[in-house]
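For reference, the structure is listed below as structure tokens.
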Amino acid sequence: MYKADLGDVSLRVPEAKAIANLLLKEVKKAEFLKKIQDENILHYTNIGRAKRHAFTIRSRLESVDKELWQLAAEGDFATATQATLVATLKRSSLLFDFFRLEIIPSVEAKVFELPRFHWKKYIDGCKLRDPEMPDWSPTTIKRMGSTLYKILHEAEFVKNTRKPVLNRILVTPEVLDYLTKQNEREILYLLTWKK
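Here this note's numbering = 1-based position in the sequence shown + 20.
Okay, here's the thing in structure tokens:
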């Protein structure tokens with residue numbers, strides 16, 4: 021159930037836009053690799069990192085349909101960010117459950133501070149919910165926690181990752197329409213905090 025699928029790859033919206041464009045063009049794996057590695061469309065100085073990030077983002081986007089790829093590729097920055105967040109929530113049960121089990125209860129209790137200890141407490145709970153979960157090193161856990169808080173910052177759920185305070189976001193009409201049409205009530209609730 022739980023995998024180390026956050027790694028060090030946050031939403032990375034400019035990269036997600038480029039990769040969503042490639043998916044919409046239905047490029048084959050060899051062509052995809054050529055675009056990332058040889059043409060360096062992501063503009064990374066480290067090609068190994070570019071490939072790792074590209075394949076992580078691609079796997080997130082492949083967990084949703086072409087309509088959401090289009091929002092990620094062609095939407096304005098807020099729409100693309102939220103489309104990428106939806107794809108990441110769909111792909112990562114670690115992120116999805118953090119929203120469901122940490123953020124939503126805090127919001128419902130009207131406690132908007134989300135200090136970093138929530139991540140450690142959450143990971144301890146994950147091990148109870150999923151005994152098959154690998155024993156990640158403290159470094160991996162810390163890195164994924166940093167990535168998670170960066171995702172919250174990129175999506176504007178927190179303004180500051182050092183002293184994170186939850187902030188309600190306005191879901192763009194395009195993403196709201198998509199989630200409503202897809203009957204994605206749970207994700208809609210995670211984003212809007214409205215039942």
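Where a beta carbon is used, it is the ideal one built from N, C-alpha and C, also for glycine.
The alpha carbon of N187 has as its nearest neighbour, out of I124, P158 and D28, the alpha carbon of I124. Residue environment for T108: buried (at least 16 other C-beta atoms within 10 angstroms of its C-beta).
In terms of Cα proximity to Y142, the closest of K201, F118, M153 and P158 is F118. A direct Cα-Cα distance of roughly 23 angstroms separates S113 from T192. Taking a C-beta distance under 9 angstroms as the contact criterion, V29 and T76 qualify as a contact pair. Nearest to V84 by C-alpha distance, out of E176, N60 and Q202, is Q202.
In the DSSP assignment, Y22 falls outside any alpha helix (DSSP H), carrying neither H nor E. Shown here for V178: same chain residues with a beta carbon closer than 8 angstroms to its own, the five before and five after excluded, namely L134, Y169, L172, P184, V185, L186 and N187 in chain order. A straight-line Cα-Cα distance of about 7 angstroms links V33 and A100. About 6 angstroms separates the Cβ atoms of A74 and I39, confirming a contact at the 8 angstroms cut-off.
Closest by C-alpha distance to G165, out of T181, M21 and E176, is T181. A Cβ-Cβ distance of about 19 angstroms is found for the pair A24 and L105, leaving them out of contact under the 8 angstroms criterion. For E133, the three-state secondary structure derived from DSSP is strand. Restricting attention to alpha helix (DSSP H) runs no shorter than 4 residues, the segment 52-100 encloses them at 67-81 and 86-94, ordered along the chain.
Here the alpha carbon of Y198 sits roughly 33 angstroms from the alpha carbon of I161. The shortest C-alpha to C-alpha distance from K110 to any of K55, Q90 and E206 is the one to E206. Annotation note: the segment 103-188 contains no uninterrupted beta strand (DSSP E) run of length 3 or greater.
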